Amino acid sequence: MAQGTVPSRTDDVSLMVITLEINPYIWDKHGMGAAFSIQAMVEQMIIFVNSYLLLHHQNQVAIITAGTEGCAYIFDSAASKQGPSNAQPAATNGSANGVSEEGERGIGSILASRIQRVVSEAEQKWKDGGSGGEPNRTTYLSGALSMALCYVQRCLRGPKPQPQPRMLCIHGSPDAPQQYIATMNAMFSAQKLQVPIDVCMIGGQDSAFLQQAAHLTGGLYQKPPRPEALLQYLLMVPAMDLHSRQFLLAPRPAGVDFRASCFCHKKTIDLGFVCSVCLSIFCQFSRECSTCGAVYTMARPTPAAGAKRKEPEA
Amino acid sequence: MSPAGPHPQGPPADALLQDAEEDGDLEAEEAGRDARAWEREYADERSWEMLQEDDAGLLRALDVTAQQRERRRRHLAAPAARIRRGMIRYLVLVVDLSRAAAEVDFHPSRMAVVAALVEVFIREFFDQNPLSHLGIIALRAGVAQRLTELSGSPQSHITALKASLGADGEASLQNGLDLARAALAPIPAYGHREVVVVSSALTTCDPGDIHAAIAACKKHRIRCSVVGLAAEVYICATLARLTGGTYTIATSEGHLRDLLLEHAPPPPALQQDAPASLIRMGFPQRQPDGAASICACHADLRLDGAYVCPRCKARVCELPTECHVCSITLMSSPHLARSYHHLFPVPPYDEWQASSSSAALPATCFACQAGLPGVAGGATGVRLVCPRCARHFCFDCDAIVHESLHNCPGCECRPAAPDDPPG
Numbered sequence: 001m002a003q004g005t006v007p008s009r010t011d012d013v014s015l016m017v018i019t020l021e022i023n024p025y026i027w028d029k030h031g032m033g034a035a036f037s038i039q040a041m042v043e044q045m046i047i048f049v050n051s052y053l054l055l056h057h058q059n060q061v062a063i064i065t066a067g068t069e070g071c072a073y074i075f076d077s078a079a080s081k082q083g084p085s086n087a088q089p090a091a092t093n094g095s096a097n098g099v100s101e102e103g104e105r106g107i108g109s110i111l112a113s114r115i116q117r118v119v120s121e122a123e124q125k126w127k128d129g130g131s132g133g134e135p136n137r138t139t140y141l142s143g144a145l146s147m148a149l150c151y152v153q154r155c156l157r158g159p160k161p162q163p164q165p166r167m168l169c170i171h172g173s174p175d176a177p178q179q180y181i182a183t184m185n186a187m188f189s190a191q192k193l194q195v196p197i198d199v200c201m202i203g204g205q206d207s208a209f210l211q212q213a214a215h216l217t218g219g220l221y222q223k224p225p226r227p228e229a230l231l232q233y234l235l236m237v238p239a240m241d242l243h244s245r246q247f248l249l250a251p252r253p254a255g256v257d258f259r260a261s262c263f264c265h266k267k268t269i270d271l272g273f274v275c276s277v278c279l280s281i282f283c284q285f286s287r288e289c290s291t292c293g294a295v296y297t298m299a300r301p302t303p304a305a306g307a308k309r310k311e312p313e314a
Numbered sequence: 001m002s003p004a005g006p007h008p009q010g011p012p013a014d015a016l017l018q019d020a021e022e023d024g025d026l027e028a029e030e031a032g033r034d035a036r037a038w039e040r041e042y043a044d045e046r047s048w049e050m051l052q053e054d055d056a057g058l059l060r061a062l063d064v065t066a067q068q069r070e071r072r073r074r075h076l077a078a079p080a081a082r083i084r085r086g087m088i089r090y091l092v093l094v095v096d097l098s099r100a101a102a103e104v105d106f107h108p109s110r111m112a113v114v115a116a117l118v119e120v121f122i123r124e125f126f127d128q129n130p131l132s133h134l135g136i137i138a139l140r141a142g143v144a145q146r147l148t149e150l151s152g153s154p155q156s157h158i159t160a161l162k163a164s165l166g167a168d169g170e171a172s173l174q175n176g177l178d179l180a181r182a183a184l185a186p187i188p189a190y191g192h193r194e195v196v197v198v199s200s201a202l203t204t205c206d207p208g209d210i211h212a213a214i215a216a217c218k219k220h221r222i223r224c225s226v227v228g229l230a231a232e233v234y235i236c237a238t239l240a241r242l243t244g245g246t247y248t249i250a251t252s253e254g255h256l257r258d259l260l261l262e263h264a265p266p267p268p269a270l271q272q273d274a275p276a277s278l279i280r281m282g283f284p285q286r287q288p289d290g291a292a293s294i295c296a297c298h299a300d301l302r303l304d305g306a307y308v309c310p311r312c313k314a315r316v317c318e319l320p321t322e323c324h325v326c327s328i329t330l331m332s333s334p335h336l337a338r339s340y341h342h343l344f345p346v347p348p349y350d351e352w353q354a355s356s357s358s359a360a361l362p363a364t365c366f367a368c369q370a371g372l373p374g375v376a377g378g379a380t381g382v383r384l385v386c387p388r389c390a391r392h393f394c395f396d397c398d399a400i401v402h403e404s405l406h407n408c409p410g411c412e413c414r415p416a417a418p419d420d421p422p423g
């Protein structure tokens, strides 16, 4: 599990796994409101990826798109460097669709065409779905983070010296409560692997999930006030390698909200009750757990009478 | 190693016959009484012939399918159904530091190996059970000595154990159990009481009746498990059987590590063991960095931010903990979320069978893009399929998903199905 501790990784070669949100709902809103279209974002991303790859000739990058139709790898620099030995013709699998056919030259055009294809597919489905049924508006953030972590671990299994891995999450949509557990699981896994998650929020609101992700994993969280200047922000903050971060003053978020929200009224609370069986959080006392059905046998618990005051720890 | 191989000079027929007889004898001997388990492992499997050097100079097995199936057996055995578990655990770790712990059959000594692995275990325990408490008792010179009180800070346990290493005298299981029972007496009813004994000694030297101590443990619903380093001991087996614990014997250092870490995830629990209750908890806010405050736990002046107890406004410097002033449990929501994966496990993946429809096989793992076996020019090993989302995964991602990530990347990329865990 703990594949590589920090010393076994070189400190100047990086692996960056980027999860890029391509939810048409977000980009549509942006396209109208903030004059920042998805095309402009793609152009800026290409410049960012190219400049990141120029920082060191062994730097690696992988890009995963997260959308309403699922997540997919659209770019993998390791596959393009290894050449055809690792390239399986994967016409049947949308996620791996010939990731390795390009050379070093054409990153820009290939990235652009793939992102365009995925985006237009998503937009097409969105328009088709608009006529019948409720279309899915949620971005599969937890799926993209899970795939990114699997990719990072694959690189950490590879030959030494291993690159320093980190993740960059370019995200815009609000948090989806149904992904809470999965997103937290991904976060803890990243924390255990010592993979920082950098976050760049391009949406209108902060994401509590990603704030916690950046805080727990030691990554950087930023919410650019002007998303149309995304490239500037990306080049200033997430492009820093982990070694340099020790010497630079990175923007720090004002605070991270660690308070829990109760399962019964979705209120944010700072004092509450927790079921001892399933650890559900409630804001008021009840006789029975609404999540696991456990019946509480004791009367309203008071702080244990026999609880000793602890000695100060040395 | 292969006496039946062709002789270069072409020996006479009777010599060949004799060779064949010898060969038969050898085989019988290898398989029979004289060969020890570890010898048989080498003689039968000839594992060195299965190795190949890859491009990066690492040794890789030629066909890893069997090896991977063997390793998958472990999480296949884990129950996939949702079962009730003891999430809030109070565990007393009893470490045997008697003379037997100075034996050198584990290198450099049993004691050193146990100390290193207990450290791994303690970190893993608190990683998986952030709400739980642990204490350490050492058995040495016939007495049981409490090294640490039950508490939630991994570092203090590890330093205390490392500071008091040194083997001496006999081990007394009864004294250890009595002290553990005393330590577990005041904990709240909803907590699950557990004792894990890491035992090196083959004897126990007790002042009284150990069966009475075992019966008392059973009466107080303390689940006692034993991990042995030497050989199976009757009284340990009885202890584990009567109190509902497990008894396992380590054959090697790696095995000992596995056996210890088996105690890290919360064990299945019965309802009568610990009645359900609602626990009052506080979720403190973090003060911004730079504000000077004195923490209640160490009485230190701190500048790097502290957490403020929402009930009594005392400051503590780390979570989870118990407020030192009003003794409410202080917690952050990620700590609770860290335990949720025990409640909603990822279903085990199925091994893909070549007979099932081979049309349109994905060539790469959905999660990590590594090449999968089963297609032309693919890797060796097993190909796994998630029963819920039907995506294909490689062996390594299977291990990652089930052991550390606890999410199926495929299932997270599709709309939630009715049988999925609630969010």
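As they're listed, the protein sequences go chains A and B. Be aware that the first sequence starts at 1, since it is given in full-length UniProt numbering, and climbs by one per residue. Be aware that the second sequence starts at 1, since it is given in full-length UniProt numbering, and climbs by one per residue. Every residue gets a Cβ at the ideal spot worked out from N, C-alpha and C, and that includes glycine. Note that this is a predicted model, so its numbers are computed, not measured.
Practice task
Helix, strand or coil for Ile46 of chain A, going by three-state DSSP, please let me know.
Solution key: helix
Practice task
Using a Cβ-Cβ cut-off of 8 Å, state whether Val274 of chain A counts as contacting chain B.
Solution key: yes
Practice task
Classify Gln88 of chain A as helix, strand or coil using the three-state DSSP reduction.
Solution key: Bear in mind that the predicted position of Gln88 of chain A carries a pLDDT of just 37, short of 50, making it unreliable; the figure below should be weighed with that in mind. In the structure shown, Gln88 of chain A sits in coil (DSSP, three-state: anything other than H, G, I, E or B).
Exercise for the section: May I have the straight-line CA-CA distance separating Glu205 of chain B from Ile137 of chain B, to the nearest angstrom? Expected result: According to the sequence as given, residue 205 of chain B is Cys; it is not Glu. The straight-line gap from Cα to Cα measures roughly 16 Å.
Practice task
Can you tell me which of the three DSSP states His402 of chain B falls into?
Solution key: helix
Exercise for the section: Compute the distance between the beta-carbons of Phe366 of chain B and Arg391 of chain B, then report whether it is under 8 Å. Expected result: Contact flag set, yes.
Problem - Rounded separation between Ala250 of chain A and Cys150 of chain A - CA only - result: 28 Å
Exercise for the section: Within 10 angstroms of the Cβ of Arg72 of chain B, are there 16 or more other Cβ atoms? Answer buried if so, exposed if not. Expected result: buried
Practice task
Closer than 7 Å by C-beta to Cys269 of chain B: which residues in its own chain qualify, once you throw out the five before and the five after it? Chain order, please.
Solution key: Position check: residue 269 of chain B holds Ala in this sequence, whereas Cys was assumed. Contacts found: Arg84, Arg85, Gly86 and His192.
Problem - Proximity test, Cβ basis, 8 Å: Tyr221 of chain A and chain B - result: no
Handout entry: Residue span of the beta strand (DSSP E) that contains Cys408 of chain B, given as start and end
Key = Annotation: Cys408 of chain B is outside any beta strand (DSSP E) and is labelled neither H nor E by DSSP.
Practice task
With a threshold of 16 other CB atoms inside 10 Å of the CB of Ser244 of chain A, please say whether the residue is buried or exposed.
Solution key: exposed
Handout entry: With 16 other Cβ atoms within 10 Å as the buried cut-off, status of Asn185 of chain A
Key = buried
Exercise for the section: Return the Cβ separation of Ala102 of chain B and Ala167 of chain B in integer angstroms, given the expectation that the two are a contact with Cβ distance under 8 Å. Expected result: 4 Å
Handout entry: For His341 of chain B, the three-state DSSP class (helix, strand or coil)
Key = helix
Problem - Environment of Ala185 of chain B [buried if 16+ CB atoms lie within 10 Å] - result: exposed
Handout entry: For His171 of chain A, the first and last residue of its enclosing beta strand (DSSP E)
Key = Gln162 to His171
Exercise for the section: Please decide whether Ile74 of chain A counts as near chain B, where near means a Cβ-Cβ distance under 8 Å. Expected result: no
Exercise for the section: Take the Cβ of Val295 of chain A as the centre, count every other Cβ of all protein chains shown within 10 Å, and call the residue buried at 16 or more, exposed below. Expected result: exposed
Practice task
State the start and end residues of the unbroken beta strand (DSSP E) segment that holds His133 of chain B.
Solution key: His133 to Arg140
Handout entry: Residue interval of the alpha helix (DSSP H) (run including Arg223 of chain B)
Key = Careful: Arg223 of chain B lies outside any alpha helix (DSSP H), inside the beta strand (DSSP E) at Ile222 to Gly228.
Exercise for the section: Between the Cα of Ser172 of chain B and those of B:Ser156, B:Thr203, B:Thr148 and B:Arg146, spot the shortest distance and give me the residue it belongs to. Expected result: B:Thr203
Exercise for the section: Taking only the alpha-carbon atoms, compute the straight-line gap between Asn86 of chain A and Ser37 of chain A and give it to the nearest angstrom. Expected result: Any reading at Asn86 of chain A must be qualified, since the residue scores a pLDDT of 37, below 50, and its modelled position is unreliable; no value is offered.
Problem - Proximity test, Cβ basis, 8 Å: Phe209 of chain A and chain B - result: no
Exercise for the section: Could you spell out the range, first to last residue, of the alpha helix (DSSP H) harbouring Ala180 of chain B? Expected result: Leu173 to Leu184
Exercise for the section: Can you give me, in chain order, the residues of the region 357-376 of chain B that have a beta carbon less than 8 Å from any beta carbon in chain A? Expected result: Ala360, Leu361, Pro362, Ala363, Thr364, Cys365, Phe366, Ala367, Cys368, Gln369, Ala370, Gly371 and Val375
Exercise for the section: With a threshold of 7 Å, establish whether the CB of Ile18 of chain A neighbours any heavy atom of the ligand MG. Expected result: As for the ligand MG, it is missing from this structure, which has no ligand bound.
Problem - Classification of Asn50 of chain A by the beta-carbon crowding that lies within 10 angstroms, buried from 16 upward - result: exposed
Handout entry: Range covered by the alpha helix (DSSP H) that runs through Cys312 of chain B
Key = Annotation: Cys312 of chain B is outside any alpha helix (DSSP H) and is labelled neither H nor E by DSSP.
Handout entry: 8 Å Cβ cutoff, Gly203 of chain A in contact with chain B
Key = Chain B, which has no Cβ nearer than 8 Å to the Cβ of Gly203 of chain A, makes this no.
Exercise for the section: Out of A:Ile115, A:Cys71, A:Met236 and A:Lys223, state which residue places its alpha-carbon closest to the alpha-carbon of Pro174 of chain A. Expected result: A:Lys223
Problem - Limits of the beta strand (DSSP E) - the one that Ala62 of chain A falls within - result: Gln60 to Gly67
Exercise for the section: For Val295 of chain A, name the three-state secondary structure that DSSP assigns. Expected result: strand
Exercise for the section: Show which residues of chain A have a CB atom less than 7 Å away from the CB atom of Phe126 of chain B. Expected result: Residues of chain A passing the Cβ test: none, with the nearest at roughly 12 Å.
Practice task
Going by DSSP, name the residue or residues bridged to Glu262 of chain B.
Solution key: For Glu262 of chain B, which the question treats as bridged, DSSP gives no partner whatsoever.
Problem - Assigned exposure category for Pro207 of chain B - 16 Cβ within 10 Å defines buried - result: exposed
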